[in-house]
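Okay, here's the thing in structure tokens:
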């Protein structure tokens, strides 16, 4: 068999045409691969953007219930619900005859002012009673000294407190309440 050396080594014009055609085909296939890859990435990015828009529109318009998923209200419906709740809360800040939070706060304020007035009156009365007790202790101490009985002043105070406590217990009676202690007691 006699093979032409031009065919083996590619010196013939036919082999060169085939080689050139193969190179062109390879270049075209490579270019198509690059173009396809670029188109694929662009399509994927466009799909992601499209999906984000669809998610936004679903959030805006709401979604009906489907298996394993609850219905979701759209943004306008949610805003409307928030406005209704805000109006209901605003109504609680106005007096309405006794059932609003404002009425409750006003009652608490009124009661605390009344309690404050009673406490101040009580403290003023207590201060007066304490002053009377101190004056009585001094008079008793001075009377004991004039009689020649030497007793330390603090013992006079302790005895005065004991006598006062006994008088209060006697006035109250054992286990009995004074009418002042019972708000339901008739005057």
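Residue numbers (my numbering): 1 to 187.
C-beta: ideal position from N, C-alpha, C; glycine also.
Quick check: what's the CA-CA separation for residue i versus residue j?
i: residue 66; j: residue 74; result: 16 Å
i: residue 115; j: residue 121; result: 10 Å
i: residue 163; j: residue 151; result: 17 Å
i: residue 183; j: residue 165; result: For residue 183, the pLDDT reaches just 47, beneath the cut-off of 50, and the residue's location in the model is therefore unreliable, although a value from the coordinates is still provided. So the two alpha carbons sit approximately 23 Å from each other.
i: residue 154; j: residue 119; result: 29 Å
i: residue 141; j: residue 134; result: 10 Å
i: residue 86; j: residue 45; result: 41 Å
i: residue 94; j: residue 72; result: 33 Å
i: residue 90; j: residue 51; result: 40 Å
i: residue 57; j: residue 34; result: 34 Å
i: residue 131; j: residue 111; result: 30 Å
i: residue 31; j: residue 13; result: 27 Å
i: residue 96; j: residue 54; result: 47 Å
i: residue 18; j: residue 49; result: 46 Å
i: residue 105; j: residue 99; result: 11 Å
i: residue 60; j: residue 43; result: 25 Å
i: residue 160; j: residue 109; result: 40 Å
i: residue 70; j: residue 27; result: 54 Å
i: residue 139; j: residue 167; result: 19 Å
i: residue 39; j: residue 29; result: 15 Å
i: residue 22; j: residue 15; result: 10 Å
i: residue 76; j: residue 117; result: 52 Å
i: residue 41; j: residue 47; result: 10 Å
i: residue 64; j: residue 88; result: 27 Å
When DSSP builds the beta bridges, which residues end up paired with residue i?
i: residue 69; result: 66
Give the secondary structure of residue i by DSSP, where H, G and I count as helix, E and B as strand, and everything else as coil.
i: residue 150; result: coil
i: residue 110; result: helix
i: residue 160; result: helix
i: residue 142; result: helix
i: residue 92; result: coil
i: residue 42; result: helix
i: residue 99; result: coil
i: residue 12; result: coil
i: residue 74; result: coil
Which whole-angstrom value is the C-beta distance of residue i and residue j, which I expect to be below 8 Å?
i: residue 101; j: residue 92; result: 4 Å
i: residue 137; j: residue 157; result: 5 Å
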